[in-house]
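Enquirer: Residue numbers (this note's numbering): 1 to 147.
Glycine included, every Cβ here is placed at the ideal spot set by N, Cα and C.
I have a structure here, written as structure tokens, and I will follow up with some questions on it.
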Amino acid sequence: MTVQIRAVNEADEAAVVSLWHACGLAVGNSDPLRDFRAVRGRSSSEILGAFDETGRLLGSIAVGFDSNRGWLHYVSTDPACRGRGIGRALVTAAEDWLAARDVVDVHLTVRAANAAAAQFYERIGYHTLPSIMMEKLLRKPSDGRPA
């Protein structure tokens with residue numbers, strides 16, 4: 001199977017958001033549709049997709065940076081296509097995207113319950129940082145009222 005990785009476009013929106021849901025990435029306060037529209041095609045962020053020769057979406061990754069720190073989000077591979085190197089290829093493409101913008105380190109978050117994802121990232125060279133992630137809701141996502 002030939003895989004092409006490219007920046008997604010507006011026409012890919014439904015497929016990408018559907019993939020994120022299928023991969024269980026739409027959890028908590030996340031709003032994949034809003035995130036797709038906020039991240040895609042910006043100077044400091046992009047969404048890359050892996051497509052087969054027919055144009056079918058096989059995986060995606062959201063990548064962005066703030067100064068010298070890069071971030072990976074929504075790393076996803078179609079569950080039927082896992083184990084074929086698509087996730088690794090997407091992470092590599094995102095790292096290349098960041099390196100081209102002089103970003104020096106990459107961060108990502110893995111939910112504590114997702115041991116398989118943590119093991120995947122460890123296999124491709126990532127390591128756990130001794131840090132604590134904290135959150136504060138500024139407003140309720142569904143209605144805009146203060147939390």
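1) Look at the Cβ atom of E13, then the Cβ atom of F36, and state whether they are nearer than 7 Å.
2) Report the three-state DSSP secondary structure of E10 (helix, strand or coil).
3) Assess contact between the stretch 86 to 96 and the stretch 37 to 45, defined as three or more Cβ pairs (one per stretch) separated by less than 8 Å. Is contact present?
4) Indicate whether G59 and L90 have their beta-carbon atoms separated by less than 7 Å.
5) Which word fits I5, buried or exposed, when buried means at least 16 other C-beta atoms lie within 10 angstroms of its C-beta?
6) Nearest by alpha-carbon distance to R101: which of P130, H127, D66, D78 is it?
7) Just to confirm before moving on: does the CB-CB distance between S76 and L33 stay below 7 Å?
8) How about A118 and V106: are their beta carbons less than 7 Å apart?
9) List the whole-angstrom C-beta distance separating L57 from V27, where the pair is believed to meet the contact cut-off of C-beta under 8 Å.
10) On the DSSP bridge assignment, give the partners of R54 in chain order.
11) Following the continuous beta strand (DSSP E) through V186, name the residue where it begins and the one where it ends.
12) Given a threshold of 16 other Cβ atoms within 10 Å of its Cβ, counted over all protein chains shown, does R123 qualify as buried or as exposed?
13) Among all the DSSP beta bridges, which residues are the ones paired with L48?
14) Mind reading off the beta-carbon distance from V39 to A62? Whole number of angstroms is fine, and I expect it under 8 Å.
Expert: Taking the coordinates as given:
1) Less than 7 Å separates the beta-carbon of E13 from that of F36.
2) Three-state DSSP puts E10 in a helix.
3) By the criterion of at least three beta-carbon pairs nearer than 8 Å, the stretch 86 to 96 is not in contact with the stretch 37 to 45.
4) Cβ atoms of G59 and L90: closer than 7 Å.
5) Around the beta-carbon of I5, 16 or more other beta-carbon atoms lie within 10 Å, marking it buried.
6) Nearest option by C-alpha distance: D66.
7) The answer is no: Cβ separation not under 7 Å.
8) No, the Cβ-Cβ distance between A118 and V106 is not below 7 Å.
9) Cβ-Cβ separation between L57 and V27: approximately 20 Å, too far for a contact (criterion under 8 Å).
10) The residue you asked about is not Arg; residue 54 is Thr in the sequence shown. Its beta-bridge partners do not exist; DSSP assigns none.
11) Here the chain comprises residues numbered 1 to 147, so residue 186 is not present and cannot be evaluated.
12) Exposed, by the Cβ-count rule.
13) According to DSSP, L48 shares a beta bridge with A7, I61.
14) Distance from V39 to A62 at the Cβ level is roughly 5 Å; contact confirmed, criterion being Cβ atoms closer than 8 Å.
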